[in-house]
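J.: Residue numbers (our numbering), protein chains in the order written: chain A, 1 to 371; chain B, 372 to 742; chain C, 743 to 1113; chain D, 1114 to 1484.
Supplied in C-alpha cells, the structure appears directly below.
Protein chains: 4
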Amino acid sequence: MTNTKIKVAVLGATGLVGQRFVRILADHPWFEIAALTASARSAGKTYGAAVSWALGGDVPRAAAEMDILPTSAKRLAETGIQVAFSALPAATAHGIEEELRDAGLAVFSNANAHRMDADVPILIPEVNDGHLELARGQAKRRGGSGFIVANSNCTASGLVLALKPFEPFGIRTVIATSYQAISGAGRRGLAAFDIAANVVPYIGNEEEKLARESRKILGRLAGEAIEPAPFEFNASCARVPVRDGHLLSLAIELERDIEPDAAREALASFRGAPQELRLPTAPEAPVLVRREEDRPQPSLDVEAGSPERAKGMAVTVGRIRRSGRFLNLFALVHNTIRGAAGTSVLNAELAVRRGLIPHEGGPGRTKETRP
Amino acid sequence: MTNTKIKVAVLGATGLVGQRFVRILADHPWFEIAALTASARSAGKTYGAAVSWALGGDVPRAAAEMDILPTSAKRLAETGIQVAFSALPAATAHGIEEELRDAGLAVFSNANAHRMDADVPILIPEVNDGHLELARGQAKRRGGSGFIVANSNCTASGLVLALKPFEPFGIRTVIATSYQAISGAGRRGLAAFDIAANVVPYIGNEEEKLARESRKILGRLAGEAIEPAPFEFNASCARVPVRDGHLLSLAIELERDIEPDAAREALASFRGAPQELRLPTAPEAPVLVRREEDRPQPSLDVEAGSPERAKGMAVTVGRIRRSGRFLNLFALVHNTIRGAAGTSVLNAELAVRRGLIPHEGGPGRTKETRP
Amino acid sequence: MTNTKIKVAVLGATGLVGQRFVRILADHPWFEIAALTASARSAGKTYGAAVSWALGGDVPRAAAEMDILPTSAKRLAETGIQVAFSALPAATAHGIEEELRDAGLAVFSNANAHRMDADVPILIPEVNDGHLELARGQAKRRGGSGFIVANSNCTASGLVLALKPFEPFGIRTVIATSYQAISGAGRRGLAAFDIAANVVPYIGNEEEKLARESRKILGRLAGEAIEPAPFEFNASCARVPVRDGHLLSLAIELERDIEPDAAREALASFRGAPQELRLPTAPEAPVLVRREEDRPQPSLDVEAGSPERAKGMAVTVGRIRRSGRFLNLFALVHNTIRGAAGTSVLNAELAVRRGLIPHEGGPGRTKETRP
Amino acid sequence: MTNTKIKVAVLGATGLVGQRFVRILADHPWFEIAALTASARSAGKTYGAAVSWALGGDVPRAAAEMDILPTSAKRLAETGIQVAFSALPAATAHGIEEELRDAGLAVFSNANAHRMDADVPILIPEVNDGHLELARGQAKRRGGSGFIVANSNCTASGLVLALKPFEPFGIRTVIATSYQAISGAGRRGLAAFDIAANVVPYIGNEEEKLARESRKILGRLAGEAIEPAPFEFNASCARVPVRDGHLLSLAIELERDIEPDAAREALASFRGAPQELRLPTAPEAPVLVRREEDRPQPSLDVEAGSPERAKGMAVTVGRIRRSGRFLNLFALVHNTIRGAAGTSVLNAELAVRRGLIPHEGGPGRTKETRP
C-alpha cells in the first residue's frame, strides 16, 4: 500500500502547526511524508534533533529520523513530492508557495500569504467545498497542475462552522467575542509573563482577518470570483491563558428568528462534503451540540471529534439561547487542528477525491476509505 | 479624632469581600470597625484566628485582635454601631439586613437579597447618586433612620461606569461579553480543577443580574420608583483563570454615533458626586482611558485608581473603536473593590455627606476631607 | 465473552478518581461494571445525570445509563459483584470496605483507611507484587475469600517506582520535594483562588504519608508482617497550578554510588510482574527515561505509557545527574491513573492472575492476554 | 534637595529588571535618574514610547519623558552620572561595565558578567557587607574611583538570606529545590505555551550559579580574595507558572542541631548593616517568619517588606520543621526586587554610606535617613 501513497512535504515543520501536520500525517492512509523543511537554523539536523516537540510524548518515529531540508522549491522538487502542506510564516510563504505551484504542486497553506488572492479559495470543506473550483481555475489558467488552497485563520474556522447551519435563516449580523488560546500565537509568539493569570484584549489584525475571511468563506462563487457574504460583522478578540482551543461567544441576528431547539437541531444535523465522501480526517459530525449549562470548555471539549483520527476536528457548540433579537451561543474550535493543520489535510483529501491531484491507484482503492 | 468616627460593623467578614471591607476600613478617616461577624464556625475566635487571609501580607492589626460576633441583630445592637456593611451570602442577608434597618441602622449591602426591592437603590454614586433619595424614603416610611442601600453585582459596576458617559448620546443596544475573575465566585466558590488553564462559559444567573441591575442603575427616579433604562441588553458571561478583575467587551449602539476620540473624551472627563464631594474613597477619575493597543489587562490595570486609598476604584477602558454601527471597547473593573466593598464604602460616605447618617462633629470637620 | 467477565463495582464513582475507574473499566477485557455508588445526594439518578464529568468528552455510554446505588454493602451484595474498587473518602471507606471484605469480596481501595493495617498490602505490582500474599493471609484468617488491597497515596506511587530500580545499590537517604497537581486534592478539594498563579507549600499529612507508605511498599515481607525499608526519608510537598501530574525532585544517597548512565539503564530496563504476566493495564515499561534536558514535564509526559490502555501508567524520569554524594532526578507520575485508579485496576488484574479471585473460565482464556 | 542627589543611569532600562530599577529610583531620596539606556531598537524614542511597561499602572512620569540613550560609555560620560545600575544581558554587560568602571563610575550590576571576578563582590548587604571592601580594592588597584559591585542571581539572594542566620550553627549540607517564577527568565525569556499549567524542571545553568554564588557570598574575605564557604550544596531548579516570586524548599544539615523554635528565632531576629544604617531601601527585617501552616506563598507574600519603599525586599520563611538530621523550611524571595534591582540599589546605598561614592552634602544630611 505504501506504493500508492501520495508523497507530501511539510514546510515549516518545527513550529506548532508544523508539528500538528507531522502528527496527523504520520500514519495517514493516503499521504506519506517525504520531506520536512525548516529554517536555516535547523539545516543538517534530523527532524528529531531540530524540533522542540510540544505535543506530548515522542516525535513520530519515521519523521524523527528524516533530515531537515531548507525551504527551497528547488530542493523540494528533487524529493518527488506532489503535495506541500505549508505551516510557514506569511513572509516566507509568499514566494515559496508560488514557486511550488508553478512547479505543478498542490499547495495547502495555513499561511496568511495568499488567502485574499481572488483565485485562491479559503477552504473549510464542510462549509464551502464548491470553492475548490477556484483552485481548478488557478491550475488551468497557469497551464499546469499546480494550485494553492488556503485554510482560514484559526478562529475563522470555528466561526464559519458554527454559522453555516444558520445560512438558511439569513445571517444579518454577527457579534463575535473571542477567548483565544496561547498556541494561536505560535510556539514562541506570546511571552509567558504577559499572559500568566491575565487576559490580553488584543490580537494584532485578528478582528480584521476574521471579518474578511469569514465573509469570503461564506461568500458565493460567481464565475471565477467570490462575492463576500454581506452580513454585518463585529469582532473583539482577546487572548486567555489556555493552551489550546479558541472559544467564541456569538450573538447572531437572523432574518428569520429561530428558537434554541431549532438552532440545536440545525447545528447537530449539519454535515458537509467530507462526511458524504467519508474523507479520512473528517469527523462524523463537524459540529457537536452540548446541552450542559457550562459547556463547551477548552479543557473538556478541545479534542472533540470522532473517530480517533478526527480528534480535534469537531467544533463544539453550547449555551444556545435567545436574548432579544439575538441568538446567542458559545463555540469552541481546536485552533491548531480544525483551525490549522487538520483542515489543511482535509482540504487535500477533498482535492484528491475531486481529482485535482493525480495519482496511481488512487485512494479510492484502499479499504479504509471505501464507503 | 477617634471620638468623632462612626462605628461600623462588617457582616460576613471572613469571606473575600468581607476581607476587602476590613482592609478598606482599617484606617478610614470617618469610619471605625466596632464589630466583625461571621458564621457559627468562627464564633469565639478572634478575627485573626478565624480568617484565612487572602489579600496578601498580614491581617490589619486592630481587626486581627477583635472577637468574632455571630451575625445577630441583637448582638450587634449592643456594640453601638450605626452602620453595617454586609458581605453576607444572599440567603443569610435577607432577614438580618431587614432587622438591622428596623433597628435604625444604615445598611450598605453587597448581597443580592434586596437589590430589586422597589425602594432600595442599587447605588454607584458616580452614576446614580440621585437614587439615594430612595433610601431616605425607606427610612421615612418606616418612621426611623434605618435603610438599606445595595451596591450592584460586581460586573454591573464596571458596566454602568463605562456606559454612563454615553447616556447623552442615547444608548440603544449593549452587547456585553465578560471575562470574569475567580474571586467573583467567592473564596471557595470555584474549584481549582475546573478553571485551571480553562474558560467556563457560564456563571449562574449572572447574565440576568447584569441586565436587571444595569437597567435599574441607569434608570430614572420617578417619584418613589425607578423606571428602568430601556436599552436592549445582551450578555454572555464566562469565567477565566484570573485572580481579580472582571474584563468586559462591549459593543454599544448609540442613537447618535460618535467617533472614538469623542468617546475617549466623554469617558476621560466623566466625574460624579464622589469627585465633587471629595469623598475619601473616591478616585480622582472614576474612568481611566488607556491608549495602548492592548490595554486594559487585569494584571496591569486591576488596581487602577489614585490616590492610594482609591486603588481598585477606577474602571479602565481601552481599545475604543468603531465597527459598523457599533462603538466597541473593553472595560476592566476590580470586582471585589469597585465591584463590591469599595463601592459600598463609597455609598456610605455619600450617605454621610447627604445627611442620612447622623453623627457628632461630622466628617466635614476632619482636615483630610475639607475641599 | 461478556459471560466470562468479572462483575465489579466502583464505590464513590462521581469523584475524580471514581471517574478514572469508570473510564478505565469501560472496556476492560476481564472486568465489567455492574454497580456504581455515590453519596445520598446522587441517589435515584443515573450516573450520567449525577456526575459532573471532568475527564473530557462524554461519559462512557454504558455507565451513563446505570442507576447510582447508595454505598451500602447490603445493596451491593444484591448485584452479584465479586470485586469492589473504592474511590471513597477515608471516613466513609473505613466501615464499608470491611463489610465488603467480610461479605467475601475483593476490595481494591484507593482510600487511606486501611493502608497501614498490618495485613493490608499497599500494592504497586511492579514494586512489591510479593506483598499480595498478605491479602491471601487476610482472607484465610477470616475464613473467607474477601480481602482488602490498598494502593498508595498518589505521590508515593511515583516515588517507589522511581526508587525500586536503585534498591540493589542500597538506598540510604531520599530527599523528595514535590510539585503536585490540583487533581490530587480531588475535584473540589482546592479553591481556585488559592492556587491561581501560585504555589502552596503545604499539603495536609502528605509528607507523613509519603514517608510511611514508601517505607512499607519497599519493605520486606517477613512472615505475615512487613518490615519497613530503613532508609532516611525527608519530604517537602507543595501544590502547583497544574491539572494532572505530580512531579518529584529526588536527591538519593546510595550505599554504592552509580553514574548517571548506569542509573538510566537501571530505570529503563526495570520490569515487574505486570510486564511478565502481560496484565491488560500494564505499561510496556513502567519507567520511561527521557534524555532531553528539560523533561519530564506534566504537559508533555503525564499521559506516558503504551499501549493505549496503559496511558498514564508509566512514570517518566529525567534530568538524571550526580551532585556530590547524591544522585538527582525528576520523576513524574499521573496522580489519578498510576497514582490511583490505574494501579488499583492493575492490582486487581494481578490478584486474578494469582488466583485470589475465583471466576469461571478465567481471563487466561481470552485471546488478548495470552502471552 | 535635588541639588544634593547623586545622578545615576539605568542600563538596559526597558527589560523587567530595568523597569524595576526605574520604579525604585523614581522617587529615591539619594539618587536621581539622569540617563536611561536601551538597545539600538529603542534609540531616538522616549522611555515612555520605547518601554512595554509590565509593572502595572503607568510609567513613572519623569522617566517616561526621558530620551533613551544607546548603551555607550562615551555617551553616558556626557550625562554627569556617578553611578550606573546595570540590567544588561551578560554579553552586553561585559565590556560596557568595565569601561564605565575605568571612567571612574560606581557600577552596580545585576548581570552575570563579572560576578565570579576575584575582586568583584557579590553583595547582599545583610549577609556580606564586609565584602564591599573588595570594591574599594578594585578602585584603588586601578588608581581611580570606579568599581563594579555585583548582586547575585535572583534565586541566590533568597537562599543566602535564609541561610545566613544559621551560620553560627555550622552549615554542613544544603539541598535546595526551587519553584521559580516566570519573570526570572526576563520579559520574553519564556514562551507562554511552554509553561501554561506546567512545570519545567530545568533552568539553564541555574543550579551551577546557585552553588557558586551562594558559596562566594557566604565565603570569608581573606585579604583580597574570598574563600568560598565549604558546605555541600545540591540544587534542583524548576520553573512554575507564577509571575513573580521564587520559592525555595531547603533541607539543611547543621553541625549543631537546632529545634524549629530556635530556628524561627534566629531568622526573625536577624538584622544586617542596612538595618543598622537605616538605608532607604532596607526592610525593617530582612527575613519574615510566618507561622501559618501553608505560607509563604507567592501570591500572598511576594511583596513582603516594610516600609512601603521596601516592599519586595523581605524574604519570607515558613514551614520550619525538623525531619531526621535535616532542618526543613520554605523561603520566598521577590526575584526582580530583592533578587535583582532592589538589592542593587541597596548595595549602592551601602557604598554611599561607606564612602565609596563621593558626593556633595552627602545623604547623611537628609532628614529621611538620619538615625
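A virtual CB, placed ideally from N, CA and C, is assigned to each residue, including glycine.
#1: Strictly under 8 Å for the Cβ-Cβ distance: is residue 410/B near chain C by that measure?
#2: Could you give the residue range of the alpha helix (DSSP H) that holds residue 372/A?
#3: Let me make sure I understand the geometry here. Which of 337/A, 35/A, 42/A has the alpha-carbon closest to that of residue 152/A?
#4: If you draw a straight line from the C-alpha of residue 450/B to the C-alpha of residue 458/B, how long is it?
#5: Would residue 247/A and residue 651/B be called neighbours here (beta carbons separated by less than 8 Å)?
#6: Output yes if chain A places a C-beta closer than 8 Å to the C-beta of residue 760/C; else output no.
#7: Would you list, in chain order, the members of the stretch 338 to 364 of chain A that have their beta-carbon closer than 7 Å to a beta-carbon of chain B?
#8: For residue 448/B, would you say it is in contact with chain C, using Cβ-to-Cβ distances shorter than 8 Å as the test?
#9: Checking 8 Å against the spacing of the C-beta atoms, do residue 958/C and residue 864/C come in under that value?
#10: Tell me the rounded alpha-carbon separation between residue 1456/D and residue 1126/D.
#11: Spell out whether any CB of chain A is found under 8 Å from the CB atom of residue 1136/D.
#12: Within 10 angstroms of its Cβ, does residue 1370/D collect 16 or more other Cβ (buried), or is it exposed?
#13: Excluding the 5 residues preceding and the 5 following residue 380/B in the sequence, name in chain order all residues of the same chain whose CB lies nearer than 6 Å to its CB.
#14: Tell me the rounded alpha-carbon separation between residue 18/A and residue 341/A.
#15: Using 8 Å as the threshold, is the C-beta distance between residue 62/A and residue 50/A below it?
#16: Along chain A, which residues have their Cβ under 9 Å away from the Cβ of residue 1042/C?
#17: At which residues does the alpha helix (DSSP H) containing residue 1411/D begin and terminate?
#18: Relative to the C-alpha of residue 1414/D, which candidate in 1343/D, 1357/D, 1139/D, 1277/D has its C-alpha closest?
#19: Could you tell me which uninterrupted beta strand (DSSP E) segments, each at least 3 residues in length, are contained entirely in the stretch 396 to 434 of chain B, listed from first to last along the chain?
#20: Any idea what DSSP makes of residue 227/A, helix, strand or coil?
#21: With a cut-off of 8 Å, does the C-beta of residue 1550/D fall near any C-beta of chain B?
#22: Going along the chain, which residues of its own chain have a beta-carbon closer than 6 Å to the beta-carbon of residue 1478/D, five neighbours each way excluded?
#23: Among residues of its own chain, excluding the 5 on either side of residue 911/C, which ones have a beta-carbon nearer than 7 Å to its beta-carbon?
#24: Let me know the secondary structure DSSP gives residue 1114/C once reduced to three states.
#25: Do residue 310/A and residue 287/A have their CB atoms nearer than 8 Å?
#26: Can you give me the Cβ contacts of residue 1186/D inside the same chain, cut-off strictly under 7 Å, excluding the 5 residues immediately before and after it?
#27: What's the C-alpha gap between residue 319/A and residue 249/A?
#28: Compute the distance between the beta-carbons of residue 602/B and residue 688/B, then report whether it is under 8 Å.
#29: Report the residue ranges of all beta strand (DSSP E) runs contained in full by the stretch 273 to 360 of chain A; include only those spanning at least 3 residues, in chain order.
#30: Are the Cβ atoms of residue 1342/D and residue 1332/D separated by less than 8 Å?
#31: Could you tell me which of 1012/C, 1089/C, 1099/C sits nearest to residue 891/C, measuring between CA atoms?
#32: At least one CB of chain A closer than 8 Å to the CB of residue 372/B: is that the case?
#33: Helix, strand or coil: how does DSSP classify residue 561/B here?
#34: Assuming residue 190/A and residue 1305/D make a contact with CB atoms under 8 Å, what is their CB distance in whole Å?
#35: List the residues that DSSP assigns as beta-bridge partners of residue 591/B.
#36: Distance check for residue 686/B and residue 675/B, CA to CA, integer angstroms please.
T.: Let me lay it out:
#1: False, the Cβ-Cβ gap to chain C never drops below 8 Å.
#2: A question about residue 372/A goes unanswered here, because the residues of chain A that appear run from 1 up to 371.
#3: Measuring C-alpha to C-alpha distances from residue 152/A to each of 337/A, 35/A, 42/A identifies 337/A as the nearest.
#4: If I take the Cα positions, the gap works out to 19 Å.
#5: A distance of 8 Å or more separates the beta carbons of residue 247/A and residue 651/B.
#6: It does not; no Cβ of chain A falls within 8 Å.
#7: Going along the stretch 338 to 364 of chain A in chain order, one finds no residue with a Cβ nearer than 7 Å to chain B.
#8: The C-beta of residue 448/B comes no closer than 8 Å to any C-beta of chain C.
#9: In contact: residue 958/C and residue 864/C (Cβ atoms closer than 8 Å).
#10: Roughly 16 Å between the two C-alpha positions.
#11: No, its Cβ sits nowhere closer than 8 Å to a Cβ of chain A.
#12: Under a 10 Å Cβ-count criterion, residue 1370/D is classified as exposed, with fewer than 16 other Cβ atoms of the shown protein chains found around its own Cβ.
#13: Within the same chain, residue 380/B has close Cβ partners 406, 447, 452, 455.
#14: So the alpha carbons of these two residues sit roughly 8 Å apart.
#15: No.
#16: The contacting residues are 53, 54, 55, 56, 57.
#17: First-last of the alpha helix (DSSP H) with residue 1411/D: 1411 to 1414.
#18: Relative to the Cα of residue 1414/D, the nearest Cα in the group 1343/D, 1357/D, 1139/D, 1277/D belongs to 1357/D.
#19: Here the runs fully enclosed are 402 to 409.
#20: In the three-state DSSP reduction, residue 227/A falls in the strand class (E or B).
#21: Missing from the structure shown is residue 1550/D; chain D here goes from 1114 to 1484 and no further.
#22: With a pLDDT of 44 at residue 1478/D, under the threshold of 50, the predicted position of this residue should be treated as unreliable, though the coordinate-derived value follows. Closer than 6 Å at Cβ, skipping near neighbours: no residue.
#23: Here residue 911/C has 996, 997, 998, 1000 as same chain residues with Cβ atoms under 7 Å from its own Cβ, once five neighbours each way along the sequence are excluded.
#24: Because chain C spans 743 through 1113 in this model, residue 1114/C falls outside it and cannot be assessed.
#25: No, the pair does not count as a contact, with Cβ atoms beyond the cut-off.
#26: Non-local beta-carbon contacts of residue 1186/D in its own chain, meaning distances under 7 Å to residues more than five positions away in sequence, involve 1209, 1212, 1213, 1216 in chain order.
#27: Rounded to whole angstroms, residue 319/A and residue 249/A show a C-alpha spacing of 10 Å.
#28: With a cutoff of 8 Å on beta-carbon distance, residue 602/B and residue 688/B are scored as not near each other.
#29: List check, beta strand (DSSP E) in window: 287 to 289, 315 to 323, 326 to 333.
#30: Cβ atoms of residue 1342/D and residue 1332/D: closer than 8 Å.
#31: When each option's Cα is compared against that of residue 891/C, the closest is 1089/C.
#32: With a pLDDT of 38 at residue 372/B, under the threshold of 50, the modelled position of this residue cannot be trusted; read the value that follows with caution. Answer no: the Cβ-Cβ gap between residue 372/B and chain A never drops below 8 Å.
#33: Coil, per DSSP.
#34: With a Cβ gap of about 4 Å, residue 190/A and residue 1305/D count as contacting.
#35: Beta-bridge partners of residue 591/B (DSSP): 598/B.
#36: Taking the straight line joining both Cα atoms gives about 7 Å.
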